[in-house]
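Student:
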Amino acid sequence: MSAEMTLALTLFTVGFAIVLLGMGALVAYYGSKKTRNAGFGFILIGVIAFWYWNSQSLAGEAWAGVAMMDSLLAVAGGFAGAIVGVIIFLVAIIKS
Amino acid sequence: MFTWTDPLFAYVWNFEFFVVAFLFGLGLATLGSGLFTAYFGAGKSQQIGFGLIVMAILVLGLQYHQTYIANPATFDAASFRYGLIAAIAAMVGMGAGMFAVLFILMKVDTVDDLEDLDLEDLEDLDLDEELKKLEEELAAADDGDSDDGGDDASDKDADKEDKA
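Residue numbers (my numbering), protein chains in the order written: chain A, 149 to 244; chain B, 99 to 262.
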């Protein structure tokens, strides 16, 4: 597998796990009965995705070569840039 | 140039990933909002839209120049490619996660959750009795007003009382 594909798969799994854990925690806390059970299911799927990422990268298997922290920096930078761009747009519109 | 060694964990952070992704995100966001405003806006708003498009072209063009054309290049082309792949892959992963959550939540029958609502108080209410009480209170309040003839009484009411 190419380095680009490995990086994409790694970050896809991390993003998927983070969203499932976060949304699962919210749904499990605020939901009731069936919705709460679905929230616990989301948390379980998120933990499984996180465990899979951990076993593939940190444990020294197929995804071990990915510079994980630097890649997370790139994700944070992309979000920060988009937020700053939207703020510039809003300031320009509001001030006009 | 963009590296920093963390003294706590002795990890060398490569902030070039952050900078290139930041600039690319900034350029894309201003380009998108600028195109939207230039197309749908009018007058001043349209001019702001054109300004945002120019800014986006400058940011993205500068980044492209400093990555692929300038010699020596400020940004590493490999870092740019990997940073872009990482950001896009993480966003696609987050989108897939949200889709999964919403899909399952819509498929799960959550009608039973309505049983948690305490409807016993509503069932015990006698609406006719409550309505009668309300009418009596309103009638009592009206009688009080007409007897007083106070400050709240209208001019017409005062004239009627004078004629009587």
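Glycine is no exception: its CB is placed at the ideal position from the N, C-alpha and C atoms.
At the level of alpha carbons, what is the spacing between residue 198 of chain A and residue 159 of chain B?
Tutor: Mapped onto the first sequence, residue 198 of chain A falls at position 50. Mapped onto the second sequence, residue 159 of chain B falls at position 61. The straight-line gap from Cα to Cα measures roughly 38 angstroms.
Student: Once you ignore the five residues that flank residue 125 of chain B on each side, which residues in its own chain have a CB closer than 6 angstroms to its CB?
Tutor: Walking along the second sequence from the start, residue 125 of chain B turns up at place 27. Here the set comprises 154, 157 and 158.
Student: Helix, strand or coil: how does DSSP classify residue 135 of chain B here?
Tutor: Taking the second sequence and counting its residues from 1, one reaches residue 135 of chain B at position 37. In this structure, residue 135 of chain B counts as helix in the three-state DSSP scheme.
Student: Between the stretch 161-182 of chain A and chain B, which residues of the former have CB atoms less than 8 angstroms from a CB of the latter, in chain order?
Tutor: Residues passing the 8 angstroms Cβ filter: 161, 162, 163, 164, 165, 166, 167, 168, 171, 172, 175, 179, 180, 181 and 182.
Student: Please decide whether residue 187 of chain A counts as near chain B, where near means a Cβ-Cβ distance under 7 angstroms.
Tutor: Translated into the one-based positions of the first sequence, residue 187 of chain A becomes position 39. No, residue 187 of chain A does not count as interfacial toward chain B.
Student: Which of helix, strand or coil does DSSP assign to residue 101 of chain B?
Tutor: For the purposes of this step, residue 101 of chain B is taken as the residue at position 3 of the second sequence. Three-state result, residue 101 of chain B: strand.
Student: State the start and end residues of the unbroken alpha helix (DSSP H) segment that holds residue 201 of chain A.
Tutor: Your numbering for residue 201 of chain A matches position 53 in the first sequence. Per DSSP, residue 201 of chain A belongs to the alpha helix (DSSP H) from 182-204.
Student: Against chain B, which members of the stretch 190-206 of chain A pass a CB distance test of less than 7 angstroms?
Tutor: Of all residues in the stretch 190-206 of chain A, 190 have a Cβ within less than 7 angstroms of some Cβ in chain B.
Student: Comparing alpha-carbon positions, which option in A:186, A:165 and A:191 lies nearest residue 200 of chain A?
Tutor: As a working mapping, residue 200 of chain A is identified with position 52 in the first sequence. Here the closest residue by C-alpha is A:165.
Student: Could you pull the start and end residues of the beta strand (DSSP E) that residue 239 of chain A belongs to?
Tutor: In the first sequence, residue 239 of chain A corresponds to position 91, counting from 1. Element bounds for residue 239 of chain A: not the beta strand (DSSP E) but the alpha helix (DSSP H), 216-243.
Student: Using a Cβ cut-off of 8 angstroms, pull out every chain B residue sitting near residue 234 of chain A, in sequence order please.
Tutor: For the purposes of this step, residue 234 of chain A is identified with residue 86 of the first sequence, where counting begins at 1. Correct list: 127 and 131.
Student: Using DSSP's beta-bridge definition, name the partner residues of residue 111 of chain B.
Tutor: Residue mapping note: residue 111 of chain B aligns to position 13 of the second sequence, counting from 1. Answer is B:102, bridged to residue 111 of chain B.
Student: Restricting to Cα atoms, I'd like to know which of A:191, A:215 and A:232 is closest to residue 195 of chain B.
Tutor: The residue you call residue 195 of chain B lines up with position 97 of the second sequence. Minimum Cα distance to residue 195 of chain B is reached at A:191.
Student: Alpha carbon to alpha carbon, what distance is there between residue 231 of chain A and residue 203 of chain A?
Tutor: Sequence index remark: in the first sequence, residue 203 of chain A carries index 55 (1-based). Sequence index remark: in the first sequence, residue 231 of chain A carries index 83 (1-based). If I take the Cα positions, the gap works out to 33 angstroms.
Student: Going by DSSP in three states, residue 224 of chain B sits in which element: helix, strand or coil?
Tutor: Taking the first residue of the second sequence as position 1, residue 224 of chain B is located at position 126. In this structure, residue 224 of chain B counts as coil in the three-state DSSP scheme.
Student: If we define contact as Cβ-Cβ less than 7 angstroms, is residue 151 of chain B a contact residue for chain A?
Tutor: Position 53 of the second sequence holds residue 151 of chain B. False, the Cβ-Cβ gap to chain A never drops below 7 angstroms.
Student: Taking a Cβ distance cut-off of 9 angstroms, strictly less, list which residues of the stretch 175-190 of chain B are near chain A, in chain order.
Tutor: So the list reads 177, 179, 180, 181, 182, 183, 184, 185, 186, 187, 188, 189 and 190, given in the order they occur along the chain.
Student: Inspect the beta-carbon positions of residue 184 of chain B and residue 159 of chain A and report whether they are closer than 7 angstroms.
Tutor: In the second sequence, residue 184 of chain B corresponds to position 86, counting from 1. In the first sequence, residue 159 of chain A corresponds to position 11, counting from 1. Yes, Cβ-Cβ distance for residue 184 of chain B and residue 159 of chain A is below 7 angstroms.
Student: Report all residues from its chain with a CB closer than 7 angstroms to the CB of residue 121 of chain B; omit the five preceding and five following residues, and keep chain order.
Tutor: Indexing the second sequence from 1 puts residue 121 of chain B at position 23. Once the five neighbours on either side are set aside, the close Cβ partners of residue 121 of chain B are 157 and 161.
Student: Which residues in chain B have a C-beta closer than 9 angstroms to the C-beta of residue 239 of chain A? List them in chain order.
Tutor: Counting from one through the first sequence, the residue named residue 239 of chain A turns up at place 91. What residue 239 of chain A touches in chain B: nothing, since even the nearest Cβ is about 10 angstroms away.
Student: Within a Cβ cutoff of 6 angstroms, which residues of the same chain sit near residue 184 of chain A, ignoring the five residues on either side of it in sequence?
Tutor: Position 36 of the first sequence holds residue 184 of chain A. Here the set comprises 176.
Student: Can you pull the chain B residues whose beta carbon is under 8 angstroms from the beta carbon of residue 244 of chain A, in chain order?
Tutor: The residue given as residue 244 of chain A occupies position 96 in the first sequence. In chain order: 142, 143 and 146.
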